[in-house]
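S.K.: Chains as they are written, first to last, in this note's numbering: chain B, 1 to 308; chain D, 309 to 577; chain Z, 578 to 1078.
Once you've had a glance at the structure underneath, I'll fire off some questions.
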Amino acid sequence: MTHFLVTRILSAMLAILGVICLVFLLIHLIPGDPVEVMLGESAQPTDKESLRHALGLNLPLHQQWWIYFKGLLHLDLGTSLFSGRAIVDLLIERIPATLYLSLVSLIVAIGLALPLGLVAAVRQHTPLDYGAMGFALFGMSIPNFWMGPLLILVGALWLGWFPVSGQEGWNSVVLPALTLGTAMAAILARMIRSSVLEVLGEDFMRTARAKGLSSTRAVLHHALPNALLPILTLLGLQLGGLLGGAVITETVFAWPGLGLLMIEAIQQRDYPVVQAAVLCISVTYIMVNLLTDLLYAWLDPRIQFTTD
Amino acid sequence: MRLWLPLSIVASWAFLAIFLPLFSLTPDAIDLTNILSPPSLEHWLGHDDLGRPVADRLISGAQTSFFVSLCVVALGVSLGGILGVSSAYLSGWVDAVFVRMVDIMLAFPGLLLAIALAGALGPGIGNVILALGIVGWVGYARLARGQVLALKHADHVLAAQAIGAPPWRIILRHLLPLIMAPLIVEASFGIAGAIIAEAGLSFLGLGVQPPAASWGSMIRDGTRYMLVAPHLVIFPGLTLMAVVLAANMLGDWLRDRLDVKEQSSRRKS
Amino acid sequence: MVIGLFSLVGCSESLPDYTLRFGLANAPTNLDPRYATDATSARLNRLLYSRLVDFGEGTIPIPALATWRELSPTHYQFDLQEPRPLFHNGAQLSAYDVKATYDSILNPDTASPHRGILQIIARIDTPTENTVDFFLKQPDALFPGYLVIGILPANLIANGHPFHDHPMGSGPFQFLERPDDTRLIIERRADGQRVEFVRIPDPTVRTLKLLANEIHLVQNDLPPELVTYLSAHEGITLQQRQGANFAYLGFNQLDPVVGQELVRKAIAHAIDREHIIQFVLKGRARVAQALFPPEHWAGPASLPGYTYDPAEAKRLLKEAGFDHDHRPTITYKTSTDPFRLRLATIIQYQLDQVGIDVLIQSHDWGTFYGDIKSGRFQMYSLAWVGVKSPDIFRYAFHSDATPPVGANRGHYADALADRLMTQAEQTLNTQEQQTLYRTLQARLLDTLPYVPLWFEDHYALVSTTFTGYQLSADGNFDGLNQVRWLGSPSAPPKHITRLYP
Chain B
1 MTHFLVTRIL SAMLAILGVI CLVFLLIHLI PGDPVEVMLG ESAQPTDKES
51 LRHALGLNLP LHQQWWIYFK GLLHLDLGTS LFSGRAIVDL LIERIPATLY
101 LSLVSLIVAI GLALPLGLVA AVRQHTPLDY GAMGFALFGM SIPNFWMGPL
151 LILVGALWLG WFPVSGQEGW NSVVLPALTL GTAMAAILAR MIRSSVLEVL
201 GEDFMRTARA KGLSSTRAVL HHALPNALLP ILTLLGLQLG GLLGGAVITE
251 TVFAWPGLGL LMIEAIQQRD YPVVQAAVLC ISVTYIMVNL LTDLLYAWLD
301 PRIQFTTD
Chain D
309 MRLWLPLSIV ASWAFLAIFL PLFSLTPDAI DLTNILSPPS LEHWLGHDDL
359 GRPVADRLIS GAQTSFFVSL CVVALGVSLG GILGVSSAYL SGWVDAVFVR
409 MVDIMLAFPG LLLAIALAGA LGPGIGNVIL ALGIVGWVGY ARLARGQVLA
459 LKHADHVLAA QAIGAPPWRI ILRHLLPLIM APLIVEASFG IAGAIIAEAG
509 LSFLGLGVQP PAASWGSMIR DGTRYMLVAP HLVIFPGLTL MAVVLAANML
559 GDWLRDRLDV KEQSSRRKS
Chain Z
578 MVIGLFSLVG CSESLPDYTL RFGLANAPTN LDPRYATDAT SARLNRLLYS
628 RLVDFGEGTI PIPALATWRE LSPTHYQFDL QEPRPLFHNG AQLSAYDVKA
678 TYDSILNPDT ASPHRGILQI IARIDTPTEN TVDFFLKQPD ALFPGYLVIG
728 ILPANLIANG HPFHDHPMGS GPFQFLERPD DTRLIIERRA DGQRVEFVRI
778 PDPTVRTLKL LANEIHLVQN DLPPELVTYL SAHEGITLQQ RQGANFAYLG
828 FNQLDPVVGQ ELVRKAIAHA IDREHIIQFV LKGRARVAQA LFPPEHWAGP
878 ASLPGYTYDP AEAKRLLKEA GFDHDHRPTI TYKTSTDPFR LRLATIIQYQ
928 LDQVGIDVLI QSHDWGTFYG DIKSGRFQMY SLAWVGVKSP DIFRYAFHSD
978 ATPPVGANRG HYADALADRL MTQAEQTLNT QEQQTLYRTL QARLLDTLPY
1028 VPLWFEDHYA LVSTTFTGYQ LSADGNFDGL NQVRWLGSPS APPKHITRLY
1078 P
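Okay, here's the thing in structure tokens:
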């Protein structure tokens, strides 16, 4: 167990280090002179020089990296070129909104996917199964930037139940969470179905049924708990899709989270903020995956020795 | 039904995209007198906010999405395939480094990295392909590596090694044919993902630039006139969904047909 | 955990429902009148600060805080009218505050963009706390019209008070708070009526929020189709007025392509302004030939403009050395506002028809405006908003007024135009001045530092929950001084803690 714990945490730290390197290189991916891109083609030479100094772009690459990395250790992500504010403050302002939206979306996704996946598995090869999986296929294929505006039209304008956009009042999270949650629910439902099907085929389930347990009870008390374990890991992986999709959903609903911050920063060519937002979301993603893996190992004693 | 409906949708999408120059379409022709005109017999999908024919722009958008998704998937499969296969075959420190690299790439939420890359590279169709390609190869690489690891010690491979066949020959003749099936399944889902991703980037204004058409930018522009001209958001959305749905259904069909296990690393916008 | 977050994030502070919420396309960039140059900031600063001079009918300067006398061509005396207003901190505005404000602008260290024109001031004296004497370096008949900048309290200027964050003036509204970079709340001093400005960059969202009564007032910056749609909606009233905001295409004169007069003339002939106004702007605009409309005292009565003539445009391009195989390429900068982008795409298409390739680059408003202000562009479209006094010509076109001194962002340099400006400024005869300014505008139309486009009408869409809003002639927000919540026409809201005289 300890061995697994240590290797898993080490590999997560290695991934974070890699993410930092890639994010650091992002600014060097800008074709041509990044300073010129940020200021425009015909910027004054003095402006360019001062920005170059401010970003440390005049130093050798390894030195720049070291400065960036040291800054990160002190939670110093630099200042926004656009607003002049400390980027850490900007992130702290925006993180709660994204966290809140992601959590509610996750609840929506699980709430939709669990019944769908279960029903589809238990009633395999029936119209119910086809219906649920058809719905899942639709959910996977609806782009959230199309579903979002349609939901606004129906939910906010025709029904008038929810605010159009922004974060105002308790019910403003409903539409964005539905948009974001549906896509995830679709993928999740398919996974739950195949995962439950696998369990249903195992010996102990046949025993349970042979002992006379009703099939509902058998599924809820025996199949589901066993199927939930692999689903947990998949959930962690799917969170990446959720966080990525949040960027678009936040833009559609003007939801004041990290994703919107990133898109605004891209439009303002405020690359230090883009870097910081990517870094923040990716590190969160790595940490969540680490946590789900550890949880999985803790719940399932079989995992201890398979560290690869 | 499970095959023919999606196949016909994907085929007509590809047909329209490839043979676009043969039709005399005017997707960029602005006609101010026709601004936001609703669908009519003559122009059965109506006109957009600049008086351009929506039908023509949908077809032109089909070309954009076809071109982008094809390039992205081709790039991903070839790059990912080559890297994954060679890494697994060579093993040792090369493989160790490769696995770390893949882990790092997978540590980013895919779409997020693509958006950031497209934002850094600047708007434009070439940069969209580059951004999605950089993000997309990892899945194929991991898949190919896993497959080769499983096959490496198969009898026919060992036999080929025993008679002294060069590595490239073993990879080409004995390994690649066997790992094609899962790669093809993954690629068909990859097409669906790339179509949505391109549209998403264009929706955010990071994809095609005006006046070029993309379904994503059409949806973005259409949402502005949702209240007065709903056809502008409905048609591109339906088209996009139909093609993505078809690609996903084809992927499902192929997977069942080729008997490949579901991959859990799939990403979606 | 979830519940905890819920209460943390979900229940942000909610304002009383009689707060008027005003949807803005762009946030004000600077609430310090010494630095503000964008229209939103200028309009907001009119509410927060008071100024010496305002503009009346025919755009002629009229007294605001002060009346004035011209004691000599280089000496103006301003008398503050009683009762003098109080600053929001309770101190009474005096002549010393006026002097401190203008001295601060004139100080090069302040780096105020308004310093350029005001440099004509040689000295400011304050013989009494009611009187300010301005001594000029040379005569300038337009001088009173320059003194439109909001007055700041002298002691706070001395302390380096951050006016951009915490505005402190003597206007009818006082600053309450700025909870984040999208919202700004101010309060009317007379009765505590609150106004919350909400930045909603997306016009669709602004429209939807107005429909849902989440915001109550929207002014300008909407697609014309949506204006028509909203005005037909019950619960929303439309007010409309002819505007004088000059929309134009600007060029970088140092550029090898658009630096050529022939190319600019070709562009002027290639754009079908009449059609764009009729079909895209839905008639809510009129064609412009010069910066000032005919009703302005210095505006040209009539100028022969550039007609839509693609053949002539092609001929001019050929003369400039461009043809079918050698097409000029122009990068065209605009904001991300979808309607501006839409107009840009039309112009791109019309220029393409005569043989000019146009690349559109759209940026967030702040970035775009920043690029324009510092001269980073080849071609761009923008509008001069709220321009009243003809000193704009020196500010925008004089060869000495390149950034950061002035707003000659395209580095236009024309000796004749420079001479006309100087002559007009030195003439004390209004009639003669008018003639000179009209000649100058004809010259500008001929040499095309800008290709004039149109004057867009102003319109306001007001929720019927509020009454009394009057759309002003120049599109400023002064109508907020009279606006009332319909819910309680007589009783003032309860939350007022302080009442001002």
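Backbone N, C-alpha and C fix where the C-beta goes; we use that ideal spot for every residue, glycine too.
Can a CB atom of chain B be found closer than 8 Å to the CB of ILE1073 (chain Z)?
M.R.: Its pLDDT being 37, under 50, ILE1073 (chain Z) is placed unreliably by the model, and nothing is read from it.
S.K.: At 4 residues or longer, and completely inside the stretch 975-1049 of chain Z: list those alpha helix (DSSP H) runs for me, N to C.
M.R.: 992-1003 and 1007-1024
S.K.: Does PRO1070 (chain Z) come out as helix, strand or coil in the three-state DSSP assignment?
M.R.: The pLDDT assigned to PRO1070 (chain Z) is 42, lower than 50, so where the model puts this residue is not dependable; a value taken from the coordinates is nonetheless given after this. Coil.
S.K.: Roughly how many angstroms lie between the CA atoms of LEU197 (chain B) and LEU291 (chain B), to the nearest whole one?
M.R.: 26 Å
S.K.: My output table needs one value for MET534 (chain D): the three-state DSSP class, helix, strand or coil.
M.R.: coil
S.K.: Where do the ends of the alpha helix (DSSP H) carrying TYR885 (chain Z) lie?
M.R.: Unbroken run through TYR885 (chain Z): none, as it is neither H nor E.
S.K.: When you check each C-beta in the stretch 777-803 of chain Z against every C-beta of chain D, which residues fall closer than 9 Å?
M.R.: For the stretch 777-803 of chain Z, the residues whose beta carbon sits under 9 Å from a beta carbon of chain D are, in order, ASP779, PRO780, THR781, THR784, LEU785, LEU788, PRO800, GLU802 and LEU803.
S.K.: Less than 8 Å between the beta carbons of ASN556 (chain D) and LEU137 (chain B), yes or no?
M.R.: yes
S.K.: Name, in chain order, the residues that DSSP records as bridge partners for TYR957 (chain Z).
M.R.: According to DSSP, TYR957 (chain Z) bridges with Z:GLY827 and Z:LYS910.
S.K.: Given a cut-off of 8 Å, decide if PRO721 (chain Z) and VAL630 (chain Z) are closer than it, judged by their beta-carbon atoms.
M.R.: yes
S.K.: Rounded to the nearest angstrom, what separates MET287 (chain B) and ALA12 (chain B) at their Cα positions?
M.R.: Cα to Cα, MET287 (chain B) sits roughly 7 Å from ALA12 (chain B).
S.K.: Going straight from the alpha carbon of GLN275 (chain B) to that of ASP411 (chain D), what length do you get?
M.R.: Annotation: GLN275 (chain B) to ASP411 (chain D) spans about 19 Å, alpha carbon to alpha carbon.
S.K.: In whole angstroms, give me the CA-to-CA distance for ILE95 (chain B) and GLY257 (chain B).
M.R.: 6 Å
S.K.: Examine the Cβ distances between the stretch 342-356 of chain D and the stretch 393-404 of chain D and report whether three or more of them are shorter than 8 Å.
M.R.: no
S.K.: At a CB-CB cut-off below 8 Å, which residues of chain B make contact with THR913 (chain Z)?
M.R.: GLN267
S.K.: So, is the C-beta of VAL536 (chain D) closer than 8 Å to a C-beta in chain B?
M.R.: no
S.K.: I need the DSSP call for ARG481 (chain D), collapsed to helix, strand or coil.
M.R.: Helix, per DSSP.
S.K.: Could you give the first and the last residue of the continuous alpha helix (DSSP H) run that contains PRO272 (chain B)?
M.R.: For PRO272 (chain B), the enclosing alpha helix (DSSP H) stretches over residues 271-299.
S.K.: Just tell me which of B:ASP33, B:MET38 and B:ILE16 has its CA closest to the CA of ASP948 (chain Z).
M.R.: B:MET38
S.K.: Taking only beta-carbon positions, decide if THR531 (chain D) is within less than 8 Å of chain B.
M.R.: Yes, THR531 (chain D) lies at the interface with chain B (some Cβ there is under 8 Å from its Cβ).
S.K.: Residues of the stretch 934-950 of chain Z with a CB closer than 7 Å to any CB of chain B: list them in chain order, please.
M.R.: HIS940, ASP941, GLY943, THR944 and ASP948
S.K.: Indicate whether at least one CB of chain Z lies closer than 8 Å to the CB of GLY389 (chain D).
M.R.: no
S.K.: Span of the alpha helix (DSSP H) holding PHE253 (chain B)?
M.R.: That run of the alpha helix (DSSP H) goes 224-253.
S.K.: Go ahead and label ILE504 (chain D) buried or exposed: buried means 16 or more other beta carbons lie within 10 angstroms of its beta carbon, across all protein chains shown.
M.R.: buried
S.K.: Could you name the residues of chain B that ASP758 (chain Z) contacts, counting a contact when the two beta carbons are closer than 8 Å?
M.R.: For the C-beta of ASP758 (chain Z), the chain B residues within less than 8 Å are, from N- to C-terminus, SER83.
S.K.: Given a threshold of 16 other Cβ atoms within 10 Å of its Cβ, counted over all protein chains shown, does ILE694 (chain Z) qualify as buried or as exposed?
M.R.: buried
S.K.: Measure from the C-beta of THR922 (chain Z) to each C-beta in chain D and report whether the shortest distance is under 8 Å.
M.R.: yes
S.K.: Please confirm if THR251 (chain B) has its CB atom under 8 Å from at least one CB of chain D.
M.R.: yes
S.K.: Using beta-carbon positions only, say whether TRP645 (chain Z) and PHE632 (chain Z) come within less than 8 Å of one another.
M.R.: The Cβ atoms of TRP645 (chain Z) and PHE632 (chain Z) lie no closer than 8 Å to each other.
S.K.: Which value, in whole angstroms, describes the spacing of the CA atoms of SER976 (chain Z) and TYR989 (chain Z)?
M.R.: So the two alpha carbons sit approximately 6 Å from each other.
S.K.: Determine whether the beta carbon atoms of GLY430 (chain D) and PRO272 (chain B) lie at a separation below 8 Å.
M.R.: Against a cut-off of 8 Å, the Cβ pair of PRO272 (chain B) and GLY430 (chain D) comes out as no contact.
S.K.: Hey, how far is the Cα of ASN736 (chain Z) from the Cα of ALA677 (chain Z)?
M.R.: 12 Å
S.K.: Just list the alpha helix (DSSP H) runs in the stretch 393-457 of chain D, keeping only unbroken ones of 4 residues or longer that don't cross its boundaries, in chain order.
M.R.: 400-414 and 418-429
S.K.: Under the three-state reduction of DSSP, which class applies to VAL6 (chain B): helix, strand or coil?
M.R.: helix
S.K.: Specify whether the stretch 737-753 of chain Z and the stretch 1016-1025 of chain Z touch according to this definition: at least 3 beta carbon pairs, one from each stretch, less than 8 Å apart.
M.R.: no
S.K.: Under a CB-based cut-off of 8 Å, is PHE264 (chain B) close to chain Z?
M.R.: The sequence given here has Glu at residue 264 (chain B), not Phe. At least one chain Z Cβ lies under 8 Å of GLU264 (chain B).
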